[in-house]
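Down below is the structure, laid out as structure tokens.
Number of protein chains: 2
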Amino acid sequence: MSSERLIYLPLGGAGEIGMNAYVYGYGPKDKERLILVDLGVTFPDMDTTPGVDLIMPDMTWLKERVDRLEGIFVTHGHEDHIGAIAHMYSSLNVPVYARAFTANLARRKMEEAGHDPAAVQIVQAWPETTKLGPFTIGVAPMSHSIPESGALVIDSPAGRVVHTGDFKLDSNPLVGEPFDPEMWAEIAKDGIQALVCDSTNVFSTHPGRSESELPDEITRLISEAKGLVAATTFASNVARVKTLAEAGVRAGRSIVLLGRAMRRMIEAATETGVLQDFPKVISPEDANNVPRDNLMLITTGSQGERRAASAQLARGKYRGLELKQGDTFLFSSKTIPGNERGVIRVINQFSEMGVDVVDDSSGLYHVSGHANGPDLEAMHTLLKPRMLVPMHGEHRHLRQHARLGEAKGIASAVVVNGMMMDLTGDAPKPAGYVDTGRTYLDGSVKYGAMDGVVRDRIRMALNGHVVVTVLLDEEDEPLGEPWCDVKGLPETGSSNAALVEVMEEDLNQFLMRAGAKTLRDDDKLEQELRRIARQSAHSEIGKKPEVTVVVSRMR
Amino acid sequence: MSSERLIYLPLGGAGEIGMNAYVYGYGPKDKERLILVDLGVTFPDMDTTPGVDLIMPDMTWLKERVDRLEGIFVTHGHEDHIGAIAHMYSSLNVPVYARAFTANLARRKMEEAGHDPAAVQIVQAWPETTKLGPFTIGVAPMSHSIPESGALVIDSPAGRVVHTGDFKLDSNPLVGEPFDPEMWAEIAKDGIQALVCDSTNVFSTHPGRSESELPDEITRLISEAKGLVAATTFASNVARVKTLAEAGVRAGRSIVLLGRAMRRMIEAATETGVLQDFPKVISPEDANNVPRDNLMLITTGSQGERRAASAQLARGKYRGLELKQGDTFLFSSKTIPGNERGVIRVINQFSEMGVDVVDDSSGLYHVSGHANGPDLEAMHTLLKPRMLVPMHGEHRHLRQHARLGEAKGIASAVVVNGMMMDLTGDAPKPAGYVDTGRTYLDGSVKYGAMDGVVRDRIRMALNGHVVVTVLLDEEDEPLGEPWCDVKGLPETGSSNAALVEVMEEDLNQFLMRAGAKTLRDDDKLEQELRRIARQSAHSEIGKKPEVTVVVSRMR
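Chains A and B are the protein sequences, given in the same order. Numbering-wise (the UniProt record's numbering), the first sequence opens with residue 1 and increments by one. Numbering-wise (the UniProt record's numbering), the second sequence opens with residue 1 and increments by one.
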């Protein structure tokens, strides 16, 4: 046994918040049997990934060892945990295990991608377990901002690992199972070798609040509102959507769900039984026959996403519905860092319409789904793990979380994507480094973050693009003058002549003087033409554009 | 007199936070003599303005009436109030008035732009006034996060307008004049016709805090820190820079100012006498001879700007200085919405180095420079204006501020850029709409936001760019096959052949079948080639790129 080891290798999610993908392995070195926990996405932005549709972890390491992979376990249904499964499935091709609601969401994605939804197998909650190679794995219910979040209890000959997934300590989450300290004491009673633990809210210094603190305040707000009321939250926060809907009903309002994700999520939660007694909803069409004072819209787009229902309402009509002076719009959500501009745009658009926007600055209308600093410490105390490996956080979160562990005398390590750790002994031990990275889904194509595609897009966005075309005859002599096409550049610069004409003149001067050797050499010619075009642009407009040179030869 | 009127026209800064530019006029309709208050910039972002250097208000309306313009008054030296003056000066060409420190900053900018710095004239504080046409204008000291912020007291035959500029109610701002309620009571004693008032912090519901609350806490933090300490704040917050430096000295540390803006601002404040007794600073070179425990760096880059000193330190060395495990980095600042990603990147880079980052989440190390909601109400009470026009805010801020005014019985109006208001009567009266917009400075060229340059850049960034080149002979017959160059697109798509080859094949198929009429018609040919290239790309890679078609004819 002593030559066998238990390894942990994050391929995504450690050193960032997003695209979770954690490998565990057990066995002799480099022959460990492997499982993957979660396979999520992260979302692109204009600054770093313009035009990209989704960002996924680079699975190269795992694909090359797919013969050793037993399966994929999924902790819960958030996109950063399940979003990449269907996109990566064909190259991994192992069973996916999840509880019923999560499996329902994953299967919908598999079907959309043309895979067999039956590849996703439903497992029951702890104490039920699944045996996969050297591992016995149970899904222990956790409270979070989506139903059926689960921590994985991963047993191997090297002991028990608890991989928390995303969680908070909520004794009354309204929908889904409460956090159950007795179950956890039982799970921990024979010792926990390693706790691999959510770090998202480690910097929040007050204990987390329960979902059950919200219904009264939300009901009060909606009851006092005049006109139409709309509210947004993450569709996957089924408990919140239910709270909003019930508050609306109590205020005598008919409920309309707006946005595809909102309808699908409620459907999945109802189908799988995690959601019961959701109020009756009416269609947007029927809503037109209901007085505005008796309507409540629950919409997608809490992050200001341009195409979501909230942003469309902010710009005008959405499915025949429209907000007006005196209506109320509630953000029952927080803004994820980086999404501020989009959310603020929506708020100002509503302000222009005279709609009263209520956000969570009062703290009354939203609670987080992640354990805060004191809650994490309570979890450490409850599980008394031999070692702590913080995950699901940026570097600053992991570091702070490891400090909390160390302060309690728990061997803790900051482990980021690509660091393989041996969890077999008394403390996490480095066991090698693996190249990790990001795979972009762009239209229907997947490519690597370092392939240069996005770099070229960013350069064109920052610098504009000039296309220089030159024709050469059979003797490699210029045929006519070179010409330029520009995109993303101003028409005129300092000389007040057209920018393309100035560049064409400079390029022509060069061509007329260029020696036969240069004119015969494609690379040399391109390089010189590029240099001159950039120089010419710089003196005209003060910036050096990207240049594509097209040399056409008659020979 | 009854045919004369007092007008207010924001050309920037009303309905946004940034690029302030407010016109006041007095006289017969369309013959009013005008003054401009402030002429600032706003900063570009990758989402909406990639590659742009600065954003300024479109001054077309004012340029067309420059014969009626008496001068430009500047309230204070922040970029969003003075940043566009030097760029716009040549087309306005009127005197600029400011107090000494602000004038010092403005003159540096004028010199850099090649203008005569003497165009900026120094005025003394209230009760001194300047007569400009029908106006008599005084600059009444206000406390803010930069020294010498001033409200303008604008007298005309229609009464007194107070244009607050940016302000807070700080009785002890450490550097610069305190807020002086007695002076304001005196200014208001004969009645204020209109209060045009800062709205930035209207949603903050607690009274604002004084700059003087910070030195003790900052001193404590720095005294307890081991290793090197670095701190960042806005360079223009001279009081804060002084607080940081003094706290460093008290902790036995030598002070290094890092970043050009930091050194320039301290220089300007010292030259003009607003800053006295600033601690001795040492150069980065001399800092290398000082033990790390006795050093303190004060750096630019509180917003995570990539090229500022903070971000450079976070990436490694800056001017020979380097942070290490156990050092402390303090953000004595708040993150402006939209800058979160950059700031978080810097924090995580420091975390990777083992540097302890302290931000203002505790509320101990930063106070805002703007009046909060209750402070604005106190200002309304103190000045008792006949009417209130909120400015310096997004729509949501202006609307909320107007509500505060209305609740007190003050005639209030939400006035955004381009709305001309007549302030002569009992309440603000709409007096017309003016086309406003944004002017981009891009390299050395200025162009309008709607000119399409930036739109094309964004499209290339989102969709990539294909250049299609076709040669036609004297008979308009294709000469060889068409070819494609791509930028910002993946090399291969669904068919596993090179994307350019698939497109070239599809384009060639079209050309071989195209009739003479199409081949003779440049527009038609381009249109068809573009359509086919996009279609071909879409079937290969699932997205439609931007396409430039270059048709070369031998005739």
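Virtual Cβ for every residue (Gly too), placed ideally from N, Cα, C. Please read all numbers here as calculations on a predicted model, not as lab measurements.
Extent of the continuous beta strand (DSSP E) to which ILE194 (chain A) belongs:
According to the sequence shown, residue 194 (chain A) is Ala rather than Ile. It spans 192-198 - the beta strand (DSSP E) in which ALA194 (chain A) sits, taken as one unbroken run.
Can you tell me which of the three DSSP states THR102 (chain B) falls into?
helix
Under 7 angstroms, Cβ to Cβ, is there at least one residue of chain B near MET1 (chain A)?
With a pLDDT of 48 at MET1 (chain A), under the threshold of 50, the modelled position of that residue is not reliable, and no figure is offered here.
Is it the case that the Cβ atoms of THR233 (chain A) and LEU214 (chain A) are separated by a distance below 7 angstroms?
no
Among B:TYR26, B:MET460 and B:MET19, nearest to GLU4 (chain B) - alpha-carbon criterion:
B:TYR26
Which residues of chain B have a Cβ atom closer than 7 angstroms to the Cβ of SER333 (chain A), listed in chain order?
Within chain B, no residue comes near SER333 (chain A); the closest Cβ sits about 16 angstroms away, beyond 7 angstroms.
Alpha carbon to alpha carbon, how far is VAL367 (chain A) from PRO117 (chain A)?
34 angstroms
Residues in the same chain with beta-carbon distance under 7 angstroms from VAL399 (chain B), minus the five sequence neighbours each way, listed in chain order, please.
Reading off the sequence, residue 399 (chain B) comes out as Arg, not Val. Only VAL414 meet the Cβ criterion.
When you check each C-beta in the segment 378-404 of chain B against every C-beta of chain A, which residues fall closer than 9 angstroms?
GLU394, HIS395, ARG396, HIS397, LEU398, ARG399 and GLN400
Near ARG108 (chain A), which residues of its chain fall below 8 angstroms by C-beta distance, leaving aside the five closest residues on each side in sequence?
PRO117, ARG264 and ALA268
Helix, strand or coil for MET1 (chain A) per DSSP?
Unreliable positioning characterises MET1 (chain A) in this predicted model, as indicated by a pLDDT of 48, which lies under 50. The coordinate reading is nonetheless provided below. It is coil, neither helix nor strand.
Which value, in whole angstroms, describes the spacing of the CA atoms of ASN93 (chain B) and GLY13 (chain B)?
22 angstroms
N- and C-terminal bounds of the beta strand (DSSP E) containing GLY150 (chain B):
150-156
So, is GLY304 (chain B) buried or exposed, given that buried needs 16 or more other C-beta atoms within 10 angstroms?
buried
Less than 6 angstroms between C-beta atoms, sequence neighbours within five positions excluded: which residues of the same chain meet that for ALA314 (chain A)?
VAL346, GLN349 and PHE350
Here's a check: name, in chain order, each residue in its chain whose Cβ is nearer than 7 angstroms to the Cβ of ASN20 (chain A), leaving out the five neighbours to either side.
GLY12, GLY13, ASP38, GLY40, ASP80, HIS81 and HIS392
With burial defined as no fewer than 16 other Cβ atoms inside 10 Å of the residue's Cβ, what is the status of GLY480 (chain A): buried or exposed?
exposed
Please state whether DSSP places VAL175 (chain A) in a helix, a strand or coil.
coil
What is the C-beta distance between residue 561 (chain A) and VAL453 (chain B), in whole angstroms, given that I count them as a contact (C-beta under 8 angstroms)?
Past the boundaries of the shown model lies residue 561 (chain A); chain A is included only from 1 to 555, so the question cannot be answered.
Using a beta-carbon distance below 7 angstroms, is GLU475 (chain B) in contact with chain A?
no
Classify SER143 (chain B) as helix, strand or coil using the three-state DSSP reduction.
strand
Determine the closest residue to HIS87 (chain A) out of A:LEU54, A:PRO95 and A:VAL500, with distance taken between C-alpha atoms.
A:LEU54
Can you give me, in chain order, the residues of the segment 338-349 of chain A that have a beta carbon less than 7 angstroms from any beta carbon in chain B?
GLY338, GLU340, ARG341, ILE344, ILE347 and ASN348
By the three-class DSSP mapping on this structure, what secondary structure does GLU540 (chain A) have?
helix
Burial state of MET1 (chain A), where buried means 16 or more other Cβ atoms lie within 10 Å
Only weak support is given to the placement of MET1 (chain A): the predicted model assigns it a pLDDT of 48, under 50, and the value that follows is read from those uncertain coordinates. Burial call: exposed.
Chain B residues whose Cβ lies nearer than 7 angstroms to that of THR548 (chain A)
VAL467, ASP485 and LYS487
My parser needs the alpha helix (DSSP H) runs of 4 or more residues fully inside the segment 339-367 of chain A; what are they?
340-353
Per-residue DSSP class, three states only, for TRP126 (chain B)
coil
Check whether chain B comes within 7 angstroms of PRO50 (chain A), counting only Cβ atoms and requiring the distance to be less than that.
yes
Looking at C-beta atoms only, is the number of pairs between the segment 254-264 of chain B and the segment 196-216 of chain B that lie closer than 8 angstroms three or more?
no
Coarse secondary structure for PRO390 (chain B), derived from DSSP in three states
strand
Could you please tell me which residues of the segment 423-445 of chain A, in chain order, have their CB closer than 7 angstroms to any CB of chain B?
ASP442, GLY443, SER444 and VAL445
With 7 angstroms set as the bound, which would you pick, yes or no: does the beta-carbon of PRO490 (chain A) sit closer than that to a beta-carbon of chain B?
yes
Which ranges does the beta strand (DSSP E) cover as unbroken runs of at least 3 residues, wholly within the segment 407-463 of chain A, from first to last along the chain?
419-422, 429-433, 438-442 and 445-448
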